[in-house]
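Before any comments, here is the structure.
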Amino acid sequence: MAITNLTVPSKTRVYQNETVDSRRWEEIPLRNDDIIIATAPKVGTTWMQRIVSLLIHQNPEELDAAAMSAPWLDAVVFESFEDIKKRINRIEHRRFFKTHIPLDGLDYNKQVKYIHISRDTRDVFMSMLNHWSLISEYLVKHKRKHPPLFETQGDIHEKWKNYTSRSTFNWEKDGWPYWSNYAYTESFWNFRTYPNIHFVHYNDLLKNLKHEIRKIIEYLEIEGINEDLLEQITKASTFKEMKKNGDKLLPSYQKVFKGGARSFLNQGKIGRWKEWFNKEDLAHFEKMRSHYNSEMVEWIDKE
């Protein structure tokens, strides 16, 4: 479907810190059938990579790390940009990228397919705690300084207070030391009905994975997937299967995270915050939510 008579999203900001540099996207010519998985951190990025890779390659029995890998152009902590560009140039199949840059930091392309995932902000934070605890000494010694290792001190309540009231970028209100989960979705929210922007919620993937995959197939206009193959792809995309095969699908995580991919792919649950949050934590939560569109935050934080 062509985009006509619609306001085109515009790039108004540069996201640059010790983790990402949004300007890198300016150097990569996009193809008309490219797919961009656009997410805030800890909302299901790796999960969606697995789903999209299976839909493109349609070989659910093969545990191919290269097939699952989505170039992360904006990342400055892992590959050099030259190595990323070389890897992109070698891709012959339909390409899919991942990014943690909000839409207002990207040059919107009406020919490209965007998949945006959202997740309850409280669950995002709980997943972030696991992420911080797993960052290995290898990353400290051999890569750039990784902010959470040095700046996320204190107990869970102090960390939550910082997350809800501080920000990395001066135009955001929360999300420290990475991004605001709300501001990220906000950059896409007014364009959520566009034919080349597809919204997915983490909870819906958990509750009815096959149904969500079917919608993604239709959105990406993927051909050749019958019911039997869909069943196989759905099974291969479950959190349980991903965790079981994590070290084969994500071998580089052995160095980056303590315990490798099996630790990184933690629990895939929702509502873990209920075991930890007190009244003060929930008050911080409500104050943070008050800065944003009420319809949007209700959708993001649905249970």
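Just so we're aligned: 598 in my numbering is position 180 of the sequence shown, and the numbers increase by one with no gaps anywhere.
Backbone N, C-alpha and C define an ideal beta-carbon position, used for all residues, glycine too.
Residue i bridges to which residues according to DSSP?
i, result
"His616", "Ile533"
"Thr457", "Ile535"
"Thr517", "Ala456"
"Trp490", "Lys516"
"Asp439", "Gln434"
Within 10 angstroms of its Cβ, does residue i collect 16 or more other Cβ (buried), or is it exposed?
i, result
"Asn599", "buried"
"Pro595", "buried"
"Pro447", "exposed"
"Gly642", "exposed"
"Glu590", "buried"
Does DSSP put residue i in a helix, in a strand, or in coil?
i, result
"Thr425", "coil"
"Ser681", "Below a pLDDT of 50, predicted positions are generally treated as unreliable, and Ser681, at 46, falls in that range; the measurement from the model is reported next regardless. Helix, per DSSP."
"Gln476", "coil"
"Asp451", "coil"
"Phe587", "coil"
"Lys653", "helix"
"Tyr637", "helix"
"Ile688", "coil"
"Ile502", "helix"
"Asn608", "coil"
"Leu524", "coil"
"Ile643", "coil"
"His575", "helix"
Practice prompt. Check whether the stretch 422 to 439 touches the stretch 519 to 528, counting contact only when three or more Cβ pairs, one atom from each stretch, lie closer than 8 Å.
Written response: yes
Item to complete: Please confirm if the stretch 626 to 635 is in contact with the stretch 484 to 498, defined as three or more CB-CB distances below 8 Å between the two stretches.
Response: no
Discussion item. Does the stretch 598 to 614 come into contact with the stretch 534 to 547, if we say contact requires no fewer than three beta-carbon pairs (one atom in each stretch) closer than 8 Å?
Written reply: yes
Discussion item. If contact is defined by three or more beta carbon pairs under 8 Å, each pair taking one atom from either stretch, is the stretch 461 to 476 in contact with the stretch 523 to 530?
Written reply: no
Discussion item. Using 8 Å as the cut-off, can you tell me whether the stretch 538 to 549 makes contact with the stretch 466 to 475, which would need three or more C-beta pairs spanning the two stretches below that distance?
Written reply: no
Practice prompt. Spell out a yes or no on whether the stretch 493 to 504 and the stretch 649 to 657 are touching, meaning 3 or more CB-CB pairs, one atom from each, closer than 8 Å.
Written response: no
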